[in-house]
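Engineer: One line per chain: the protein sequences are A and B, in this order.
Residue numbers for the first sequence follow UniProt numbering, so the first one is 1 and each next one is one higher.
Residue numbers for the second sequence follow UniProt numbering, so the first one is 1 and each next one is one higher.
Quick reminder that beta carbons are idealized off the backbone N, C-alpha and C, glycines included.
Since the model is a prediction, treat every value here as computed from it, not as a measurement.
2 protein chains.
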Amino acid sequence: MPAGERSWWGWGNTAEALTAEESDALVARTAAVLPGHDFTDHGPPRPSDLDVPPSRLDPPAALAALCGDDVADRLSHARGKAFRDVVRNLLGRAEHVPDLVARPRSEQDVVDLLDWCSSSGTPVIPYGGGSSVVGGVEPRFEGPAVSMDLAGLDAVLEVDTVSRAARIQAGIFGPALEDRLRPLGLTLRHFPQSFAHSTLGGWLATRAGGHFATLATHIDDLTESMRVVTPAGISESRRLPGSGAGPSPDRMFLGSEGTLGVITEAWMRLQDRPVWQVTASITFESQEDAIAATRAIAQSGLHPSNCRLLDPAEAFINAGASVGGGLLLVGFESADHPVDIWLDRALELAAGHGGVVKTRRSKDSARPDGDSASTWRSSFLRMPYQRDALARRSLIVETFETACTWEGFEEFHHTITSAARAAIDEVCGGAGVVTCRFTHVYPDGPAPYYGIYAAGRWGSTVGQRDEIKAAVSEAIAGHGGTITHHHAVGRDHRPWYDRQRPDPFAAALTAAKTALDPAGILNPGVLIR
Amino acid sequence: MPAGERSWWGWGNTAEALTAEESDALVARTAAVLPGHDFTDHGPPRPSDLDVPPSRLDPPAALAALCGDDVADRLSHARGKAFRDVVRNLLGRAEHVPDLVARPRSEQDVVDLLDWCSSSGTPVIPYGGGSSVVGGVEPRFEGPAVSMDLAGLDAVLEVDTVSRAARIQAGIFGPALEDRLRPLGLTLRHFPQSFAHSTLGGWLATRAGGHFATLATHIDDLTESMRVVTPAGISESRRLPGSGAGPSPDRMFLGSEGTLGVITEAWMRLQDRPVWQVTASITFESQEDAIAATRAIAQSGLHPSNCRLLDPAEAFINAGASVGGGLLLVGFESADHPVDIWLDRALELAAGHGGVVKTRRSKDSARPDGDSASTWRSSFLRMPYQRDALARRSLIVETFETACTWEGFEEFHHTITSAARAAIDEVCGGAGVVTCRFTHVYPDGPAPYYGIYAAGRWGSTVGQRDEIKAAVSEAIAGHGGTITHHHAVGRDHRPWYDRQRPDPFAAALTAAKTALDPAGILNPGVLIR
Numbered sequence: 001m002p003a004g005e006r007s008w009w010g011w012g013n014t015a016e017a018l019t020a021e022e023s024d025a026l027v028a029r030t031a032a033v034l035p036g037h038d039f040t041d042h043g044p045p046r047p048s049d050l051d052v053p054p055s056r057l058d059p060p061a062a063l064a065a066l067c068g069d070d071v072a073d074r075l076s077h078a079r080g081k082a083f084r085d086v087v088r089n090l091l092g093r094a095e096h097v098p099d100l101v102a103r104p105r106s107e108q109d110v111v112d113l114l115d116w117c118s119s120s121g122t123p124v125i126p127y128g129g130g131s132s133v134v135g136g137v138e139p140r141f142e143g144p145a146v147s148m149d150l151a152g153l154d155a156v157l158e159v160d161t162v163s164r165a166a167r168i169q170a171g172i173f174g175p176a177l178e179d180r181l182r183p184l185g186l187t188l189r190h191f192p193q194s195f196a197h198s199t200l201g202g203w204l205a206t207r208a209g210g211h212f213a214t215l216a217t218h219i220d221d222l223t224e225s226m227r228v229v230t231p232a233g234i235s236e237s238r239r240l241p242g243s244g245a246g247p248s249p250d251r252m253f254l255g256s257e258g259t260l261g262v263i264t265e266a267w268m269r270l271q272d273r274p275v276w277q278v279t280a281s282i283t284f285e286s287q288e289d290a291i292a293a294t295r296a297i298a299q300s301g302l303h304p305s306n307c308r309l310l311d312p313a314e315a316f317i318n319a320g321a322s323v324g325g326g327l328l329l330v331g332f333e334s335a336d337h338p339v340d341i342w343l344d345r346a347l348e349l350a351a352g353h354g355g356v357v358k359t360r361r362s363k364d365s366a367r368p369d370g371d372s373a374s375t376w377r378s379s380f381l382r383m384p385y386q387r388d389a390l391a392r393r394s395l396i397v398e399t400f401e402t403a404c405t406w407e408g409f410e411e412f413h414h415t416i417t418s419a420a421r422a423a424i425d426e427v428c429g430g431a432g433v434v435t436c437r438f439t440h441v442y443p444d445g446p447a448p449y450y451g452i453y454a455a456g457r458w459g460s461t462v463g464q465r466d467e468i469k470a471a472v473s474e475a476i477a478g479h480g481g482t483i484t485h486h487h488a489v490g491r492d493h494r495p496w497y498d499r500q501r502p503d504p505f506a507a508a509l510t511a512a513k514t515a516l517d518p519a520g521i522l523n524p525g526v527l528i529r
Numbered sequence: 001m002p003a004g005e006r007s008w009w010g011w012g013n014t015a016e017a018l019t020a021e022e023s024d025a026l027v028a029r030t031a032a033v034l035p036g037h038d039f040t041d042h043g044p045p046r047p048s049d050l051d052v053p054p055s056r057l058d059p060p061a062a063l064a065a066l067c068g069d070d071v072a073d074r075l076s077h078a079r080g081k082a083f084r085d086v087v088r089n090l091l092g093r094a095e096h097v098p099d100l101v102a103r104p105r106s107e108q109d110v111v112d113l114l115d116w117c118s119s120s121g122t123p124v125i126p127y128g129g130g131s132s133v134v135g136g137v138e139p140r141f142e143g144p145a146v147s148m149d150l151a152g153l154d155a156v157l158e159v160d161t162v163s164r165a166a167r168i169q170a171g172i173f174g175p176a177l178e179d180r181l182r183p184l185g186l187t188l189r190h191f192p193q194s195f196a197h198s199t200l201g202g203w204l205a206t207r208a209g210g211h212f213a214t215l216a217t218h219i220d221d222l223t224e225s226m227r228v229v230t231p232a233g234i235s236e237s238r239r240l241p242g243s244g245a246g247p248s249p250d251r252m253f254l255g256s257e258g259t260l261g262v263i264t265e266a267w268m269r270l271q272d273r274p275v276w277q278v279t280a281s282i283t284f285e286s287q288e289d290a291i292a293a294t295r296a297i298a299q300s301g302l303h304p305s306n307c308r309l310l311d312p313a314e315a316f317i318n319a320g321a322s323v324g325g326g327l328l329l330v331g332f333e334s335a336d337h338p339v340d341i342w343l344d345r346a347l348e349l350a351a352g353h354g355g356v357v358k359t360r361r362s363k364d365s366a367r368p369d370g371d372s373a374s375t376w377r378s379s380f381l382r383m384p385y386q387r388d389a390l391a392r393r394s395l396i397v398e399t400f401e402t403a404c405t406w407e408g409f410e411e412f413h414h415t416i417t418s419a420a421r422a423a424i425d426e427v428c429g430g431a432g433v434v435t436c437r438f439t440h441v442y443p444d445g446p447a448p449y450y451g452i453y454a455a456g457r458w459g460s461t462v463g464q465r466d467e468i469k470a471a472v473s474e475a476i477a478g479h480g481g482t483i484t485h486h487h488a489v490g491r492d493h494r495p496w497y498d499r500q501r502p503d504p505f506a507a508a509l510t511a512a513k514t515a516l517d518p519a520g521i522l523n524p525g526v527l528i529r
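1. Going by beta carbon distance, what residues of the same chain come within less than 6 Å of Gly135/B, once the five residues before and after it are set aside?
2. Taking just the CA atoms, how far does Met268/B sit from Ser372/A?
3. Using DSSP with H/G/I as helix, E/B as strand and the rest coil, what is Asp154/A?
4. By alpha-carbon positions, which one of Ile317/A, Ser334/A, Ile341/A, Phe332/A ends up nearest to Gly326/A?
5. Using three-state DSSP, classify Ile263/A as helix, strand or coil.
6. Measuring alpha carbon to alpha carbon, tell me which of Ala64/B, Glu107/B, Arg88/B, Asp73/B ends up nearest His42/B.
7. Can you give the Cα-Cα distance for Pro304/A and Ala102/B, rounded to whole angstroms?
8. Could you list which residues in chain B have their beta carbon closer than 8 Å to that of Ala165/A, in chain order?
9. Determine the closest residue to Gly355/A out of Arg361/A, Leu347/A, Ser362/A, with distance taken between C-alpha atoms.
10. Using only the alpha-carbon positions, how far apart do Ser394/B and Pro247/A sit?
11. Step through the CB atoms of chain B and report whether any lies within less than 8 Å of the CB of Gln500/A.
12. Whose CA, out of Val262/A, Glu467/A, Leu204/A, Gly233/A, lies closest to the CA of residue 536/A?
13. Would you check if there are 3 or more beta carbon pairs closer than 8 Å linking the segment 182-192 of chain B to the segment 261-277 of chain B?
14. According to DSSP, which residues form a beta bridge with Ala447/A?
15. For the alpha helix (DSSP H) holding Pro249/B, just list the boundary residues, first then last.
16. What are the residues of the segment 223-244 of chain B that lie near chain A, defined by any Cβ-Cβ distance shorter than 8 Å?
17. What would DSSP say about Lys358/B, mapped onto helix, strand or coil?
18. Who are the Cβ neighbours of Glu224/B in its own chain at under 8 Å, not counting the five residues just before and after it?
19. Can you find a CB in chain B that lies within less than 8 Å of the CB of residue 539/A?
20. What are the partner residues of Ala126/A, as DSSP defines its beta bridges?
21. Would you mind telling me which residues of chain B sit closer than 7 Å to Thr199/A, beta carbon to beta carbon, in chain order?
22. Please go through the same chain and pick out, in chain order, the residues whose beta-carbon is closer than 7 Å to the beta-carbon of Ala475/A, but skip the five residues on each side of it.
23. At a Cβ cut of 8 Å, what residues of the segment 322-339 of chain B count as close to chain A, listed as they run along the chain?
24. What is the DSSP secondary structure of Ala102/A, counted as helix, strand or coil?
25. Tell me which residues share the same chain as Gly68/A and place their Cβ nearer than 6 Å to its Cβ, disregarding the 5 neighbours each side in the sequence.
26. Tell me which residues of the segment 265-282 of chain B have at least one Cβ-Cβ distance to chain A shorter than 8 Å, keeping chain order.
27. Put Asn89/A into one of helix, strand or coil per three-state DSSP.
28. Return the bridge partner residues of Val339/B from the DSSP annotation.
29. Looking at chain A, is there any beta carbon in it that lies within less than 8 Å of the beta carbon of His486/B?
30. Taking 8 Å as the limit between beta carbons, can you name the residues of its chain near Trp8/A, skipping five residues before and five after?
31. Report yes or no: do three or more beta-carbon pairs, one from the segment 456-467 of chain B and one from the segment 178-187 of chain B, lie closer than 8 Å?
32. Could you tell me which residues DSSP pairs with Met226/B in its beta bridges?
33. Do Pro308/B and Ala213/B have their C-beta atoms closer together than 8 Å?
See the structure below:
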């Protein structure tokens, strides 16, 4: 678990939430964009004031010590940390609270808990850090449910420094993992925005994307082998740097979101901690040029560690920069060699498309804890806390992320932003902003990440958000995008996932689910049934 | 189809087989290593002299025009091009000949053929270039069979030059594909040893590995989306540069070896044709140093396009070099920038482990057709033809490939080479050589590729080879390796694949197979049933 007290209603830890001064400043900035909005602060209720029904489950005696029905604990496992989760918490809506929180201390505990749930037909939701923003951990169904919190399985069991890999239990949180690897000069180098509040098992189950823009940033590619407890037995793949022996077993469990089994441990590929780091920021007058430059870098084979293109709204709100066409943040890092020449070439490519270098910076020491000092990176990690401060003040703050081809981006982007703006017009009377950045870039296309800031009405913002989200999701699903690039499917993306997924694959996955989870207890409603 | 007449019994095209002079020279070189061996040449029989039973299948009238039962055609589809296939051809053993060869001209033909096979319960084997070296295309079972040759689906349907991707039919052969892409300055840059004699669909179905040592070389990573005809319907994934929407549909079909459906087309990621290329060869006195240097380069983040370590026997036989510890071939290439500085750093790393640079070469023009002028690369593409010349002369020439961690390599390698040598002692009275090279290197481990040259007895070399192969496969399976890194599973690797594959995954894959192929007609005996 990360240090500090976890917020039961909002993102992360209470100690890291915005201070009163920060909130005031944020409100002032936002009010400039959304004049006339009612910024009244609606703080969270006390958990003890909520009307939580008593647990309907009675675990067998042998498992009783692993299970708890404390109301505050159940409440904190009732949902993830999406905007709609946070607002429902603020409103004191206590629906879909799991009946028990089970905390296995060993893999055998996981086996025993699944055996009990299978034989009793009790739904069980594997729970890592609970930072899902897609309804992935919420028992959004009738009847009882167990939330299985894996945080007790948090050991680094073995480190192979020669092959640079470690066998790691799935319940470990990001900071604890990096703390264990740092003395060895190694890092998993996987830094999703939720890094401090999510676990290895959660990253694997949801195909998490890290902070870096290219190459080894997706958890899929960092995975050497996995161990998964399914109701039909334990699946363990071999430690292999590469294999062509049939369809990849790991790729079936990666992204299975708790529906096929409980990931208990994995051998993960590690990297040497970076020593050389260079970054630059580049501005563009036209959006077209900014995109062309970003594409050129993505297709150059230079493999920048950072290659984030912020549109003018995003650049203004989160990086404090006024730009006409876009702000491109490019960075390179290495544990082996200086990378200035890499950056030189990337800047050449940008200049060929009218890019003007605004800042360029080198660092000769390793990045502390994967964090960085840049305004934007700090802002990046603070964004969810800012979202919570605005959610308390009736703002609708939501994100949508997807991926598409470079060729299709312009039309796709126009369709999505038009749908978002039309929905904001419809639902919020037009008071809102839509921002866009590329979080990851591939040779064949970008992963655009949209932010929405809109003026809602207190008590209605969940419904307003749902309408906007549905409109945007329709646009994404109808125009060839993916309903999620790295946030996962969960329950919130399910209708559009079903349209995106090829029908024969749905049939195959359903059959696989039935083989591994014949009682259908694992995370019902997600992906499959 | 590649130019020239296809050999019915041996590798590739008859025009490319060894000349009499080349055969004589090869025999002389080999005789120096294996004195006393009987090098009598046993040429192939005429197909018309073989005792091939008549076809047992009568296709429906609507499909008759797509199907043929010509004996020579059926014979040439009866097996792949493994050593044991070639020798059985030389011996005139005509077992397991498919009853019909079906040649669909459109995707609808594929649908119709599968419908007929499903309703009649007739096994069907999807057939690309037929270059399988693992028994992947052989109807090794009782009862009739259809070989579905996809070579008629050979069009490049669309090219997206902005996103650098193309929609390509699965039956296209390597050279034809590159011919289509070359005028656009693009390349798939996928060059397996079988490049000229295998198809896109075959590469996808078997998770083929290309020539390059790191990064984008496996067909899996070059795949943007796939279209697959299954008996349960057509599965088409979206063109997405990245996605986190559930387990990847493509990753289920990649490596499915014709058991889940027939791949008809795919959107493939392309690259600009390389302009800058630099290569070097480095020698080492000790094997330990050679491995340490190779690992340092693999873990450096330099991403060489080539990083092949040949052991002394491999270096002598295929590169004509006498080295004490190993010969490392390193290369870099780019379409965007000069890569000398990359090579400089790789050579520094090698020098740190005692490596001595023997040659260094730059090329300023694009590689013609993915081929290169180096001795070793030419030798690489000629190896299967040399194998056939030796097979005719009672030699056992076989390869085994796998992957393991760096930490485990030394013991693993010792175990495998010991098993191979013991088997050669047992089966061939000790007359044989075992070679090793790394074909691909990963940050967490190498992919070692073993060659065996042993003196057999004419008429017994298949059985002798099978005994050696079984001994080596036992060693691989028993010591944590993969039974195949890029040759696929087929029928020859099946017993060890079953041990390697996690049981729950086997259950899931079997259930998926039943959902997609309820009649169980697709490539029976491979992977699943």
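Structural biologist: Reading it off the structure:
1. One-based indexing of the second sequence puts residue 135/B at position 135. So the qualifying residues of the chain are Gly490, Arg491, Asp492.
2. Start at 1 with the first residue of the first sequence, and residue 372/A comes out as number 372. Start at 1 with the first residue of the second sequence, and residue 268/B comes out as number 268. Unreliable positioning characterises Ser372/A in this predicted model, as indicated by a pLDDT of 35, which lies under 50. The coordinate reading is nonetheless provided below. Approximately 36 Å, taken between the alpha carbons.
3. Here residue 154/A refers to the residue found at position 154 of the first sequence. Coil.
4. Counted from its first residue, the first sequence places residue 326/A at position 326. Nearest option by C-alpha distance: Ile317/A.
5. Along the first sequence, read from residue 1 onward, the residue named residue 263/A stands at position 263. In this structure, Ile263/A counts as strand in the three-state DSSP scheme.
6. Walking along the second sequence from the start, residue 42/B turns up at place 42. Nearest of Ala64/B, Glu107/B, Arg88/B, Asp73/B to His42/B, Cα basis: Arg88/B.
7. What you label residue 304/A is simply residue 304 of the first sequence in a count that begins at 1. What you label residue 102/B is simply residue 102 of the second sequence in a count that begins at 1. If I take the Cα positions, the gap works out to 48 Å.
8. Counting from 1 along the first sequence, the entry for residue 165/A is found at position 165. Under the 8 Å cutoff, chain B gives Thr405, Asp444.
9. Sequence index remark: in the first sequence, residue 355/A carries index 355 (1-based). When only C-alpha atoms are compared, the closest one is Leu347/A.
10. The sequence position of residue 394/B within the second sequence is 394, counting from 1. The sequence position of residue 247/A within the first sequence is 247, counting from 1. Approximately 36 Å, taken between the alpha carbons.
11. Your numbering for residue 500/A matches position 500 in the first sequence. Yes, its Cβ sits closer than 8 Å to a Cβ of chain B.
12. Lying outside 1 to 529, the shown extent of chain A, residue 536/A is not represented and no answer is given.
13. yes
14. Taking the first residue of the first sequence as position 1, residue 447/A is located at position 447. Per DSSP, His440/A.
15. As a position in the second sequence, residue 249/B is number 249, starting the count at 1. Looking at the DSSP string, the run of the alpha helix (DSSP H) that includes Pro249/B is 249-253.
16. Glu224, Val228, Thr230, Ala232, Gly233, Ile234, Ser235, Glu236, Ser237, Arg238, Arg239, Leu240, Pro241, Gly242, Ser243, Gly244
17. Counted from its first residue, the second sequence places residue 358/B at position 358. Assigned with DSSP and collapsed to three states, Lys358/B falls in strand.
18. Along the second sequence, read from residue 1 onward, the residue named residue 224/B stands at position 224. Once the five neighbours on either side are set aside, the close Cβ partners of Glu224/B are Ala165, Arg239, Leu240, Pro241, Ala266, Trp267, Met268, Arg269.
19. The requested residue 539/A is not part of the displayed model; chain A covers only 1 to 529.
20. Within the first sequence, numbered from 1, the residue matching residue 126/A stands at position 126. The sequence given here places Pro at residue 126/A; Ala does not occur at that position. Beta bridge pairing from DSSP links Pro126/A with Met148/A.
21. Translated into positions along the first sequence, residue 199/A becomes position 199. Going along chain B, no residue has its Cβ under 7 Å from Thr199/A, so there is no contact; the nearest lies around 16 Å.
22. For the purposes of this step, residue 475/A is taken as the residue at position 475 of the first sequence. Cβ within range, chain order: Thr415, Ile416, Ala419.
23. Ser334, Ala335, Asp336, His337
24. Taking the first sequence and counting its residues from 1, one reaches residue 102/A at position 102. Looking at Ala102/A - three-state DSSP - the assignment turns out to be strand.
25. As a working note, residue 68/A is residue 68 in the first sequence. Closer than 6 Å at Cβ, skipping near neighbours: Val101.
26. Arg269, Gln271, Asp272
27. Against the first sequence, residue 89/A aligns to sequence position 89. Looking at Asn89/A - three-state DSSP - the assignment turns out to be helix.
28. The residue you call residue 339/B lines up with position 339 of the second sequence. For Val339/B, which the question treats as bridged, DSSP gives no partner whatsoever.
29. Here residue 486/B refers to the residue found at position 486 of the second sequence. Yes, its Cβ sits closer than 8 Å to a Cβ of chain A.
30. Along the first sequence, read from residue 1 onward, the residue named residue 8/A stands at position 8. Pro44, Pro47, Ala72, Leu75, Ser76, Asn89, listed in sequence order.
31. The segment 456-467 of chain B vs the segment 178-187 of chain B: no contact.
32. By one-based count along the second sequence, residue 226/B stands at place 226. Answer is Ala266/B.
33. Along the second sequence, one-based indexing puts residue 308/B at 308. Along the second sequence, one-based indexing puts residue 213/B at 213. One point to set straight first is that residue 308/B is Arg, not Pro, in the sequence displayed. For Arg308/B and Ala213/B, yes; Cβs fall inside 8 Å.
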